[in-house]
Amino acid sequence: MLLVVVSSILAIIMATLAIFIRMKAAKRPASVKKIILPPLFMSTGSLMFVFPMFQVSPLQVLEAVSVGMIFSIFLIKTSHFEIKDDEIYLQRSKAFIFILFGLLILRIILKTVLSSSIDFGELSGMFYLLALGMIVPWRIAMYFSYRKLYTELVQKIGNPTI
1 MLLVVVSSIL AIIMATLAIF IRMKAAKRPA SVKKIILPPL FMSTGSLMFV FPMFQVSPLQ
61 VLEAVSVGMI FSIFLIKTSH FEIKDDEIYL QRSKAFIFIL FGLLILRIIL KTVLSSSIDF
121 GELSGMFYLL ALGMIVPWRI AMYFSYRKLY TELVQKIGNP TI
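Position one of the sequence shown corresponds to residue 1 (full-length UniProt numbering), numbered consecutively onward.
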């Protein structure tokens, strides 16, 4: 139970950091690199599955990734780009903060409930897959949205910097 509490506290800290980073990033133009790199960096966490403690069954993988993809819908709906001063920026959304904390609270509740029936290592692996299943579709949607605006910008002003 202590591990669940500690990991939940760490998740709250990470979510708070993500909000601050997102707010700061919205002040600078977006780029393909800024969209694609976070899931790539996060994917290194897959090395956790080398250790037997974190290995999950195929059904658990399917469940975790499916829930993550459902959660990603909320992030996709609140992430929009706009063109300002001939550059593409991510629009700030007040709903994003509430959705992020709402998803965090839901994850903490699920982790607390599931920790009584699923081993901590397996649960950690499942929640990693849930997060990956959430960020990958969100970032793919962001990429396509960005490319659409980038194409409009190219038609308007020529070849902008990426």
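Even for Gly, the Cβ is constructed at its ideal location relative to N, Cα and C.
Taking 8 Å as the threshold (C-beta atoms), are residue j and residue i in contact?
i	j	result
L104	A11	yes
V32	Y143	yes
I88	A30	yes
S72	L90	no
M42	I135	yes
L130	F81	no
L37	D86	no
F120	L3	yes
Quick one: what's got a C-beta closer than 8 Å to residue i's C-beta in the same chain, skipping five residues either side?
i	result
M48	F54, S124, G125 and Y128
A18	L100
S145	S79, H80 and F81
When we look at the beta-carbon of residue i and count the other beta-carbons within 10 Å, is it buried (16 or more) or exposed?
i	result
G133	buried
P137	buried
residue 181	The requested residue 181 is not part of the displayed model; the chain covers only 1 to 162.
I35	buried
K156	exposed
V67	buried
L75	buried
K24	exposed
K111	buried
R28	exposed
Kindly indicate which three-state DSSP category residue i falls into: helix, strand or coil?
i	result
F96	helix
F51	coil
I88	strand
I83	strand
residue 205	Since the first and last residues shown for the chain are 1 and 162, residue 205 lies out of range.
R22	helix
K148	helix
T78	coil
I9	helix
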